[in-house]
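**Student:**
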Amino acid sequence: MSPRTPTENESPGLRQRIIDAASRIFVEEGYEHLSMRRVAQVVGCSQMAAYRHFANKEALTQHLCAQLYTDFSSRMFRQMEAANEPWEQIRIFISALVNFAVSYPDHYSLVFLIRHADEDVIAERERLGEEFLQTIHELIRKVLPQDTTVATSNMRMRQVLTCLHGTAALLIAHPRAYGLTKVKAIKDAEDTIMRLLRD
């Protein structure tokens, strides 16, 4: 008896090919050009086969954002660990976040700026963010006076992230109106955050 030929849905690596194709479209053309039909065309499979791996465009998009965010966080933390001085680690963090926003504006907006209606997506984002926030909080505590309360260090962390996300959002959406370039945005954020944490 001859071995059964795998169906289209079972073909090796189809899920990864769908992810790779969707990622290219998302990065190069933006969220509005990403569709299950387009991904299926690029991969060379039927839409039905693509839907067997991801329920809809939103599920595929959330997977891409979570994957990119995880890769970004891991890379940033490695760069920060390579620098021994806490203030240098903060500069690396600021630069990394602004660069991420500029390189992947749609991903950045979906991960950090847009509130999702799906409770499962919200829970997954919060889970992914826990390690990120814990690491940033520990870093901020290193540069604050030793007697700083947890409540105050948490407030400083919120202020740091407010500054960074606000700067990144302006850089993505309204760079001309605010006279922002990537270099200027990083410098502005550094100046504000250093003053905030040294105050």
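Residue numbers (the numbering used here): 10 to 208.
Here a beta-carbon is modelled for each residue, glycine too, at the ideal position from N, C-alpha and C.
Tell me the rounded alpha-carbon separation between Thr-14 and Asn-65.
**Tutor:** Locating residue 14 in the sequence shown gives position 5, counting from the first residue. Locating residue 65 in the sequence shown gives position 56, counting from the first residue. Its pLDDT being 41, under 50, Thr-14 is placed unreliably by the model, and nothing is read from it.
**Student:** Would you kindly check if the distance between the Cβ of Glu-133 and the Cβ of Ala-75 is under 8 Å?
**Tutor:** Looking up residue 75 in the sequence shown gives position 66. Looking up residue 133 in the sequence shown gives position 124. Yes, these two residues count as a Cβ contact at 8 Å.
**Student:** Run the CB neighbour count on His-42, radius 10 Å, all protein chains shown included, and call it buried at 16 or more, exposed below.
**Tutor:** Here the question's residue 42 lines up with position 33 in the sequence shown. His-42 comes out exposed.
**Student:** Closest by CA to Ile-99, which one among Thr-144, Arg-26, Leu-23, Asp-156?
**Tutor:** For the purposes of this step, residue 99 is taken as residue 90 along the sequence shown, with counting starting at 1. Out of Thr-144, Arg-26, Leu-23, Asp-156, Thr-144 has the C-alpha closest to the C-alpha of Ile-99.
**Student:** For the structure I just gave you, are there three or more beta carbon pairs, one from the region 168 to 176 and one from the region 191 to 198, closer than 8 Å?
**Tutor:** Counting Cβ pairs under 8 Å, three or more are found: they touch.
**Student:** If you draw a straight line from the alpha carbon of Ala-49 to that of Ile-27, how long is it in whole angstroms?
**Tutor:** As a working note, residue 49 is residue 40 in the sequence shown. As a working note, residue 27 is residue 18 in the sequence shown. The straight-line gap from Cα to Cα measures roughly 7 Å.
**Student:** Pull up the distance between the alpha-carbon of Gln-56 and that of Leu-205, whole angstroms please.
**Tutor:** Here the question's residue 56 lines up with position 47 in the sequence shown. Here the question's residue 205 lines up with position 196 in the sequence shown. Cα to Cα, Gln-56 sits roughly 51 Å from Leu-205.
**Student:** Leaving aside the five residues before and after Gly-39 along the sequence, list all residues of the same chain whose C-beta is less than 6 Å from its C-beta, in chain order.
**Tutor:** For the purposes of this step, residue 39 is taken as residue 30 along the sequence shown, with counting starting at 1. For Gly-39, where only same-chain residues beyond five positions count, the Cβ hits under 6 Å are Asp-115.
**Student:** According to the neighbour-count rule (16 or more other Cβ atoms, all chains shown, within 10 Å of its Cβ), is Pro-87 buried or exposed?
**Tutor:** As a working note, residue 87 is residue 78 in the sequence shown. Per the sequence shown, residue 87 should be read as Arg rather than Pro. Exposed, by the Cβ-count rule.
**Student:** Sorted by chain position, which residues of the same chain lie with C-beta nearer than 7 Å to Gln-168's C-beta, five sequence neighbours on each side aside?
**Tutor:** On the sequence shown, position 159 is the one that residue 168 refers to. Leu-205.
**Student:** Could you check the C-alpha separation between Arg-150 and Thr-79 for me, to the nearest Å?
**Tutor:** Working through the sequence shown from its first residue, we reach residue 150 at position 141. Working through the sequence shown from its first residue, we reach residue 79 at position 70. Cα to Cα, the separation comes out at about 23 Å.
**Student:** For Tyr-113, is the classification buried or exposed, using 16 other Cβ atoms within 10 angstroms of its Cβ as the cut-off for buried?
**Tutor:** Here residue 113 corresponds to residue number 104 of the sequence shown, with the count starting at 1. Result: buried.
**Student:** Could you tell me the boundaries of the alpha helix (DSSP H) in which Glu-33 lies?
**Tutor:** Taking the sequence shown and counting its residues from 1, one reaches residue 33 at position 24. Looking at the sequence provided, one finds Arg at residue 33 rather than Glu. 23 to 38 is the span of the alpha helix (DSSP H), which, as asked, contains Arg-33.
**Student:** Gly-175 lies in the alpha helix (DSSP H); which residues open and close that run?
**Tutor:** By 1-based counting over the sequence shown, the position of residue 175 is 166. 159 to 182 is the span of the alpha helix (DSSP H), which, as asked, contains Gly-175.
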